[in-house]
Amino acid sequence: MLAVANVAKYVLETSLKQPVQFVQADIGIQYQGVARGDLDIMVGGWLPVTHGAYYAKYKNDMDDVGVIYTGGKNGWAVPAYIPESQVATISDLEKPDVKSKLNGTIQGIEPGGGLMQASEKALKAYDLNGYNLQSSSEAGMLAGVSRAYQSKQWIVATVWSPHWLFQKWQMRYLKDPKGTLGGEEQVHAFASKQFATKFPRADVFFKHFKLSLADVEAIEFEGNSTNDYATAAKKFVDAHPEKLKAWLQQ
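Last residue of the sequence shown: 258 in our numbering, with the numbers rising by one and none dropped.
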């Protein structure tokens, strides 16, 4: 969500002269903070599935300011060099030769998050007995994909869109006919109940603030490559005056 947050911060500070302070917090803390009014707004609310439980708990204490982008997705992905004729769907992982090439391992991320919980369900739904869902971190998952790519090894990783990894490596999602990993998600901005009164112009901006999935991935890729998300966001906004104009309708 660094791409989205940095674009919003740049526009708010330069066009609306509204200072912005970032607060880095786990997603549960973000929802709780917005609902309590300790935080003003969050820009990474995934619905209907990924954050469904948080939304159900806090929705009456927040304002849904709007959808920033659609096409968010969780899933399992493989490098494009793994033939689709051999691995196209999650159920293909049952094939003994596929399982042996993958060492019976699904490369995961931090335990406890929505994607890992869904992945545990997928293991059961597709009867992937003998597979190990390896808990790690986002960095650990990316290192695994990078290593696999260097020697064209087989790997299945738990991933999501938008993510800059799709700009760096050719990866494809495995089909999930049972829908255990969820369908397409929408990414919302959720604000505290006081937000519209405290920051009326910012509230209107967020109602108009839209990006495409490709926009988000491009900013993420640039921000990650340079380790400077603020500059990546500025470059994007400066290169897209038509988007800025649409966002700033009052």
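Note that beta-carbon positions come from the ideal geometry of N, C-alpha and C, so glycine has one too. From a predicted model like this one, the values you see are computed outputs, not experimental measurements.
In chain order, what residues of the same chain have a beta carbon less than 8 Å from the beta carbon of residue i, not counting five sequence neighbours either side?
i: Ser144; result: Gln115, Gly116, Ile117, Glu118 and Gly152
i: Gly138; result: Lys107 and Gly112
i: Ala156; result: Pro87, Trp162 and Ile163
In three-state terms, what does DSSP make of residue i?
i: Trp84; result: strand
i: Met70; result: strand
i: Leu24; result: coil
i: Ser159; result: helix
i: Val195; result: strand
i: Asn14; result: helix
i: Ser154; result: helix
i: Ser233; result: helix
i: Gln115; result: strand
i: Ser220; result: coil
i: Leu101; result: helix
i: Val51; result: strand
i: Tyr134; result: coil
i: Gln32; result: coil
i: Pro249; result: helix
i: Pro56; result: coil
Taking buried to mean at least 16 other C-beta atoms within 10 Å of its own C-beta, is residue i buried or exposed?
i: Glu193; result: buried
i: Glu250; result: exposed
i: Phe198; result: buried
i: Gln38; result: buried
i: Thr205; result: exposed
i: Thr166; result: buried
i: Ser200; result: buried
i: Ser220; result: exposed
i: Lys81; result: buried
i: Ser233; result: exposed
i: Gly120; result: exposed
i: Ala222; result: exposed
i: Ala43; result: buried
i: Ala247; result: exposed
By Cβ distance, which residues of its chain are closer than 7 Å to residue i, with the 5 residues on each side in sequence left out?
i: Pro259; result: Missing from the structure shown is residue 259; the chain here goes from 9 to 258 and no further.
i: Val28; result: Lys17, Leu20 and Glu21
i: Ala13; result: Phe30 and Val51
i: Trp255; result: Val19, Phe213, His216 and Phe217
i: Leu55; result: Tyr63, Glu193, Gln194 and His196
i: Lys160; result: Tyr89
i: Leu131; result: Tyr139 and Leu141
i: Val245; result: Val15, Tyr18, Val19 and Leu252
i: Tyr237; result: Leu10, Ala11, Asn14 and Gly231
From the DSSP output, which residues share a beta bridge with residue i?
i: Trp168; result: Asn82
i: Arg180; result: Val86
i: Met124; result: None, per the DSSP bridge assignment.
i: Val19; result: According to DSSP, Val19 bridges with nothing at all.
i: Leu141; result: Ile114
i: Val75; result: His196
For residue i, collect the residues of the same chain with a Cβ closer than 6 Å to its Cβ; drop the 5 residues on either side in sequence, then sort them by chain order.
i: Val57; result: Gly190
i: Gly122; result: Thr58
i: Gln158; result: none
i: Lys3; result: There is simply no residue 3 to check, as the chain begins at 9 and stops at 258 in what is shown.
i: Lys109; result: Trp162
Less than 7 Å between the CB of residue i and some heavy atom of the ligand COA, yes or no?
i: Arg180; result: Among the components of this structure there are no ligands whatsoever, and the ligand COA is therefore not found.
**Prompt:** Is the segment 201–214 touching the segment 77–91 in the sense that three or more CB pairs, one from each, lie closer than 8 Å?
**Reply:** With a cut-off of 8 Å, the segment 201–214 and the segment 77–91 do not count as touching, because too few Cβ pairs lie within range.
**Prompt:** Would the segment 169–183 and the segment 58–67 be scored as touching if the rule is three or more Cβ pairs under 8 Å?
**Reply:** Contact fails: fewer than three Cβ-Cβ distances are below 8 Å.
**Item:** Inter-stretch contact at 8 Å, needing at least 3 Cβ pairs: the segment 239–248 / the segment 222–231
**Value:** Judged by Cβ distances under 8 Å, the segment 239–248 makes contact with the segment 222–231, as three or more pairs qualify.
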